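Residue numbers (my numbering): 9 to 93.
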């Protein structure tokens with residue numbers, strides 16, 4: 009069995025509190041139902057997963073369509089939530 013490598017990246021954000029990025033960071037840090045890491049990862053998956061598959065060399069149209077549709081549905085679900093709020 010081939011051992012898979014782990015991929016890890018640590019990210020740090022620092023913004024002044026009253027800037028748009030500071031307001032967003034404060035909201036994400038105090039989110040009532042999810043940790044900030046989960047929120048950021050959900051967003052990254054939604055926005056960049058299809059491109060990651062393309063960059064990784066995946067050419068299977070069924071796989072690419074499935075990944076793209078999954079990202080699109082996540083985006084639509086988030087858009088619906090924004091509209092409700």
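Positions of the beta carbon are idealized from the N, C-alpha and C atoms, including for glycine. In this text the structure is predicted, and so the values were computed from the model without any measurement.
Considering only residues of the same chain and omitting the five flanking positions on each side of residue i, which have a CB-CB separation below 7 angstroms?
{"i": "residue 21", "result": "33"}
{"i": "residue 75", "result": "57, 58 and 61"}
{"i": "residue 29", "result": "23"}
Compare the C-beta of residue i against all C-beta atoms of chain C and say whether one is closer than 8 angstroms.
{"i": "residue 55", "result": "You won't find chain C in this structure, because it holds only one protein chain."}
With DSSP collapsed to three states, give me the class of residue i.
{"i": "residue 56", "result": "helix"}
{"i": "residue 46", "result": "helix"}
{"i": "residue 41", "result": "coil"}
{"i": "residue 23", "result": "coil"}
{"i": "residue 14", "result": "coil"}
Excluding the five sequence neighbours on either side, which residues of its own chain have a C-beta within less than 6 angstroms of the C-beta of residue i, listed in chain order?
{"i": "residue 44", "result": "36 and 37"}
Give the range of the alpha helix (DSSP H) segment to which residue i is assigned.
{"i": "residue 36", "result": "28-37"}
{"i": "residue 72", "result": "69-92"}
Going by C-alpha to C-alpha distance, which of the options sits closest to residue i?
{"i": "residue 52", "options": "25, 83, 65 and 66", "result": "83"}
{"i": "residue 18", "options": "27, 40, 48 and 9", "result": "48"}
{"i": "residue 54", "options": "70, 81, 67 and 65", "result": "81"}
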